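Q: Below: one structure in structure tokens.
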Amino acid sequence: MFTIYTAFAFFIFAATFAFRAVCIAFTLAAGTVFATAFYFHFFLFFFVLLCKQGHTAG
């Protein structure tokens with residue numbers, strides 16, 4: 479028998495699952511953006527350092 483409690487429990491389960499999926503997706507997206515920005519600045523720093531070293535040596 480399909481009662482209001484069953485529907486309510488299913489709704490809570492679906493909402494929890496969706497919220498968890500959104501949280502995981504947001505965490506992955508934020509991690510990707512952070513990693514990309516970090517590696518870009520890391521590369522930029524070494525590129526500038528290499529250019530400065532090349533200019534002083536040359």
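Going letter by letter, the sequence shown gives residues 479 to 536 in our numbering. The C-beta atom is built at its ideal place from N, Cα and C for all residues, glycine as well. Fair warning: this is a prediction, and the values are worked out from it, not measured in the lab.
By how many angstroms is the C-alpha of Leu527 removed from the C-alpha of Tyr517?
A: Start at 1 with the first residue of the sequence shown, and residue 517 comes out as number 39. Start at 1 with the first residue of the sequence shown, and residue 527 comes out as number 49. Cα to Cα, the separation comes out at about 15 Å.
Q: Where Arg498 and Tyr483 are concerned, what is the direct C-alpha to C-alpha distance, given to the nearest angstrom?
A: As a working mapping, residue 498 is identified with position 20 in the sequence shown. As a working mapping, residue 483 is identified with position 5 in the sequence shown. Straight-line Cα distance between these residues: approximately 22 Å.
Q: Consult DSSP for Thr481 and reduce its assignment to one of helix, strand or coil.
A: To locate residue 481, count along the sequence shown from 1; it is residue 3. Correct three-state label for Thr481: coil.
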